[in-house]
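*Asks:*
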Amino acid sequence: MQPTLVSLGLAATPKSRMKLFYEKHNPEKMSDVEVIFQKYAGDYKTMTRKLESKYQDHGFFLGWEQDGGLADAQAKTYKFVAEVGGKYYQKYMPWQIRQGVLTLKIKAEYYWKKAYKQVDKWTTPAKPKTSGGSSAKGSSSKGKSRRERNSQARD
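In this text, residue positions in the sequence shown follow our numbering: the first is 5, and each later residue adds one.
1) Going by other Cβ atoms of all chains shown within 10 Å of its Cβ, with 16 needed for buried, is M97 buried or exposed?
2) For K54 and Q42, I'd like the C-alpha separation in whole angstroms.
3) According to DSSP, is G90 part of a helix, a strand, or is it coil?
4) Starting from E56, trace the alpha helix (DSSP H) both ways and give me its first and last residue.
5) Please list the segments of the beta strand (DSSP E) lying wholly inside the stretch 107 to 138, counting only runs of 3 or more residues, in order along the chain.
6) Helix, strand or coil for H29? Go by DSSP, reduced to three states.
7) Between which two residues does the alpha helix (DSSP H) carrying F41 extend?
8) Is it the case that the Cβ atoms of Y44 and K33 are separated by a distance below 8 Å?
9) How big is the Cα-Cα spacing for N30 and A86?
10) With the cut-off set at 8 Å, would you say V37 and M22 are in Cβ contact?
11) Please state whether DSSP places F84 in a helix, a strand or coil.
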């Protein structure tokens, strides 16, 4: 992992766990957390191994990869944009455009479902024809054309 990605906030970092670790074990060194963090930027396995062996608290940093990173930053950004953007959209966008966007969304969902059903129909294997069974009109109509069956039903 490159220190550049870490400094840009595009990589997972154990920064929050490191602060909690020092609050728990050595609160006097809280001011040195940034220095230590920059020293080991990108080599967090070594840093966590040394800290855990020094303070005898093994397992404290397990799962730090899920604490942050690009996916986490994207989720936070999307949430912020959706909240703030939604307010401005409702406040400043003319109702005609909002209604048009809503209509487009509804139509897109309708056609998506229709296309999905068609693809599902194409990809689903054909059902095997079953032999046997009786017709409601009896077995005499088997093998006859529709015109013959209709004329027979009228009689």
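Note that beta-carbon positions come from the ideal geometry of N, C-alpha and C, so glycine has one too. Since the structure is predicted, the reported quantities are computational estimates derived from the model, not experimental observations.
*Replies:* According to the structure shown:
1) exposed
2) 15 Å
3) helix
4) Y48 to Y59
5) none
6) helix
7) V37 to K43
8) no
9) 40 Å
10) yes
11) helix
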